[in-house]
Amino acid sequence: MFKTRRSLRTLANLLPSGALGLSVGLAAADAAAGTSVPERQEGSVAQRLQSLRLDVSVALEQYRKDGEPFVAVDSEERLAWWGNGGWRNGGWRNWGNGWHNW
Amino acid sequence: MTATPEIGMVVVQPTAFCNIACTYCYLPDRSNKHVIAQTTVTRLFEQIFASGWASSEITVIWHAGEPLVVPVSFYREAFATIERMRPASVHVRHSFQTNGTLIDADWCALFKDWNVGVGVSLDGPRELHDLHRKSRSGKGTFDKTIAGIRCLREHDVPFHVISVLSHTSLDQPEELLDFYLSEGIDQICFNVEESEGDHVSSLFHGPELRRRYAAFLRTFWHRARESGRVRFLREIDLALPRMFRPEGVPTRNIQTEPLAMLNVDSHGNVSSFSPELLGLKNAAYGDYLLGNINFQTLQEIRDVCLASPLHRDIAAGVEACSRSCDYFSVCGGGAPVNKLFENGSLTSTVTSYCTLTQMVPTDLILEAYDRLEHSPAAAVSAANALSLSVTGGSAAPEPSRMP
Chain A
766 MFKTRRSLRT
776 LANLLPSGAL
786 GLSVGLAAAD
796 AAAGTSVPER
806 QEGSVAQRLQ
816 SLRLDVSVAL
826 EQYRKDGEPF
836 VAVDSEERLA
846 WWGNGGWRNG
856 GWRNWGNGWH
866 NW
Chain B
840 MTATPEIGMV
850 VVQPTAFCNI
860 ACTYCYLPDR
870 SNKHVIAQTT
880 VTRLFEQIFA
890 SGWASSEITV
900 IWHAGEPLVV
910 PVSFYREAFA
920 TIERMRPASV
930 HVRHSFQTNG
940 TLIDADWCAL
950 FKDWNVGVGV
960 SLDGPRELHD
970 LHRKSRSGKG
980 TFDKTIAGIR
990 CLREHDVPFH
1000 VISVLSHTSL
1010 DQPEELLDFY
1020 LSEGIDQICF
1030 NVEESEGDHV
1040 SSLFHGPELR
1050 RRYAAFLRTF
1060 WHRARESGRV
1070 RFLREIDLAL
1080 PRMFRPEGVP
1090 TRNIQTEPLA
1100 MLNVDSHGNV
1110 SSFSPELLGL
1120 KNAAYGDYLL
1130 GNINFQTLQE
1140 IRDVCLASPL
1150 HRDIAAGVEA
1160 CSRSCDYFSV
1170 CGGGAPVNKL
1180 FENGSLTSTV
1190 TSYCTLTQMV
1200 PTDLILEAYD
1210 RLEHSPAAAV
1220 SAANALSLSV
1230 TGGSAAPEPS
1240 RMP
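So the protein sequences, as listed, match chains A and B.
Residues in the first sequence are numbered from 766 upward in steps of one, following our numbering.
Residues in the second sequence are numbered from 840 upward in steps of one, following our numbering.
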């Protein structure tokens, strides 16, 4: 899947830039598509989210195999911001549904 | 078997008093000038650190009423006390959510000395802000809030703003962005006016709200990123890591985990789950209180929590969400306070709050990601934007704050 999908190739480029880079890249992609109605996607939202996470897992595995982990191309600050501890610490733990009033 | 608590966020209400009177405020006790005692702060953190339940990073949020009506000297003493007790393995970050009207050089010195996270409540330019954020005499507070923000900037204190969106502002994403940029505001969060406690929002339950908010957020996101001058847009930037995580890594919802958020009022009363519950009345749930930190240990408070109808019903609500909601893997079970006030039951599932804070950002991001697949131009745009953001200087250091 990783080698056959255009979005995966782009995702692999975007992930090392952290949330900010992903936010910038996806906003640009969305804006470039203008007001055209996107093709209707197959599957439920839950299935699309699962597929997306599989894409991330595949990208991570590819980085590992290639010996080009994110840490080689990004700053400590940006990695840490990905998930309170970053990828290398097995982060993500605290990326929950935080409280919005602060 | 219930998991060991992991306390990552402590919301302390130094006083319920607020010096202003916003029309949408949900706090029932905002004229009460009682201030938390230093001994209560000391006892609270003694208990947290002794419990072994402290996360390696704890964010302490001084919040609700207006934390800056309590003197700077109070916080200097409290912060020093906490620092003396803090185990080396635990990092504590203090944070204020303020209306900004009282910020001066002394406050900025405190913020810098202790690397305090500062959030200012600002609803946009004067005509939007003054619609709802009024003084106790009914005048607009814009001038004082913006003076506080300019003071933060003069002293190089990083800050974010939280803007409550109303009927009017939902139609003005570009005007809002222009305003933020003109004031040097580059970390932005939005709340949509909601129904909580005493406040019933006329906006929140409208049938068109989801579509309007999605249109607002999409335009704001595009324009903000295109400007290269916004470092942080909470609604999108915090949704991204929840979505783009490796398969199998669980999400967390600290509003539904017992004691993951510890919420303490000025008298030492302790609650957990959604902080807005603290101070509200409800006979069936014992006013949402789990104990008092001055008289009980955290272990005792936890035992009360685990045996409480409050925990039972929140857990049932999360379970119901897990069975029925496509977005569960993003949010982990919703916000209890919104289930209660929108649906009348903690065991319920979807709310307008869910729709706006979880579903709309998720939908926007999924749609953008799908466009990468189906549009070569979109993929090229993403790559170009990324290279510009990295080489062109807009990828400023990220805000050093917890989500």
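Just so you know, even glycine gets a beta-carbon here, dropped at the ideal spot from N, CA and C.
- Along the stretch 978 to 1012 of chain B, the beta strand (DSSP E) occurs as fully enclosed runs of 3 or more residues at 999 to 1004, listed in sequence order.
- Interface flag for Arg1210(B) against chain A is set, since a Cβ pair is found closer than 9 Å.
- Contact of Arg1068(B) with chain A is not assigned, every C-beta pair being separated by 9 Å or more.
- Judged by pairs of C-beta atoms under 8 Å, the stretch 777 to 793 of chain A does not touch the stretch 1172 to 1181 of chain B, as fewer than three such pairs exist.
- Annotated three-state conformation of Ile1024(B) is coil, per DSSP.
- Excluding sequence positions up to five before and after Ile1140(B), its CB lies within less than 6 Å of the CB of Val1109, Leu1129 and Gly1130, all in the same chain and listed in chain order.
- Ala855(B) places its beta carbon less than 9 Å from that of Gly1118(B).
- Within the DSSP bridge table, the entry for Asn1108(B) names Asn1131(B) as partners.
- Residue-level contact check: Gln815(A) touches chain B, since one or more beta carbons of chain B fall below 9 Å from its beta carbon.
- The C-beta distance from Ile900(B) to Ser934(B) rounds to 5 Å, short enough to meet the 8 Å contact threshold.
- From the listed residues His873(B), Thr862(B) and Phe888(B), the smallest Cα separation to Val849(B) is found for Phe888(B).
- Chain-ordered, the chain B residues with CB closer than 7 Å to the CB of Gln806(A) read Asp1209.
- Exclusion of the five residues before and after Arg813(A) leaves Gln806 as the residues of its chain whose Cβ lies within less than 8 Å of its Cβ.
- Identification of chain A residues near Leu907(B) by a Cβ-Cβ cut-off of 7 Å yields none; the smallest Cβ-Cβ distance measures about 14 Å.
- Close CB contacts of Thr1186(B) within its chain, under the 6 Å cut and outside five residues either way in sequence, are with Asp1152, Ala1155 and Gly1156 (chain order).
- Fully enclosed beta strand (DSSP E) runs of no fewer than 3 residues occupy 846 to 851 of the stretch 841 to 875 of chain B, in order along the chain.
- Counting only Cβ-Cβ distances below 7 Å, Trp1060(B) has contacts in chain A at Ala792, in chain order.
- For the pair Ala1146(B) and Glu845(B), the CB atoms are not nearer than the 9 Å cut-off.
- By the neighbour-count definition (other C-beta atoms within 10 Å, threshold 16), Ala1063(B) is a buried residue.
- For Glu916(B), same chain residues with a beta-carbon under 7 Å away, outside a window of 5 residues either side, are Gln877 in chain order.
- In this model, Leu1009(B) and Met1082(B) are separated by some 25 Å (Cα to Cα).
- Of the residues Cys1144(B), Ala1123(B), Met1198(B) and Asp1165(B), the one whose Cα lies closest to the Cα of Ser1184(B) is Ala1123(B).
- Within 10 angstroms of the beta-carbon of Phe1134(B) lie fewer than 16 other beta-carbons, which makes it exposed.
- Listed in chain order, the beta strand (DSSP E) runs fully inside the stretch 1143 to 1212 of chain B amount to none, counting runs of at least 3 residues.
- Taking His968(B) as the centre and dropping the five residues before and after it, the same chain places the C-beta of Leu961, Asp962, Gly979, Thr980, Phe981 and Thr984 closer than 8 Å to its C-beta, in chain order.
- If you look at Phe918(B), you'll find it in the alpha helix (DSSP H) that goes Val911 to Met924.
- Among the residues facing chain A, Gly1087(B) is included, as its CB has a counterpart in that chain under 9 Å away.
- Among the bridge pairs identified by DSSP, Phe1071(B) is matched with Gln1026(B).
- A check of alpha carbon separations from Cys861(B) across Gln852(B), Gly958(B) and Ser976(B) identifies Ser976(B) as the nearest.
- In summary, the residues of the stretch 1178 to 1205 of chain B whose CB is separated from some CB of chain A by less than 9 Å are Tyr1192, Thr1196, Gln1197, Met1198, Thr1201, Asp1202, Leu1203, Ile1204 and Leu1205, in the order they occur in the chain.
- Non-local beta-carbon contacts of Arg869(B) in its own chain, meaning distances under 7 Å to residues more than five positions away in sequence, involve Ala855, Phe856, Cys857 and Gly904 in chain order.
- Among the CB atoms of chain A, none fall inside 9 Å of the CB of Asn938(B).
- With respect to Ile1204(B), Ala1054(B) sits apart: the two C-beta atoms are not nearer than 9 Å.
- In the structure shown, His971(B) falls within a helical segment according to DSSP collapsed to helix, strand and coil.
- Between Val1000(B) and Tyr1019(B), the gap from beta carbon to beta carbon is short of 9 Å.
- Residue environment: Thr843(B) is assigned as exposed (fewer than 16 neighbouring CB atoms within 10 Å of its CB, all protein chains considered).
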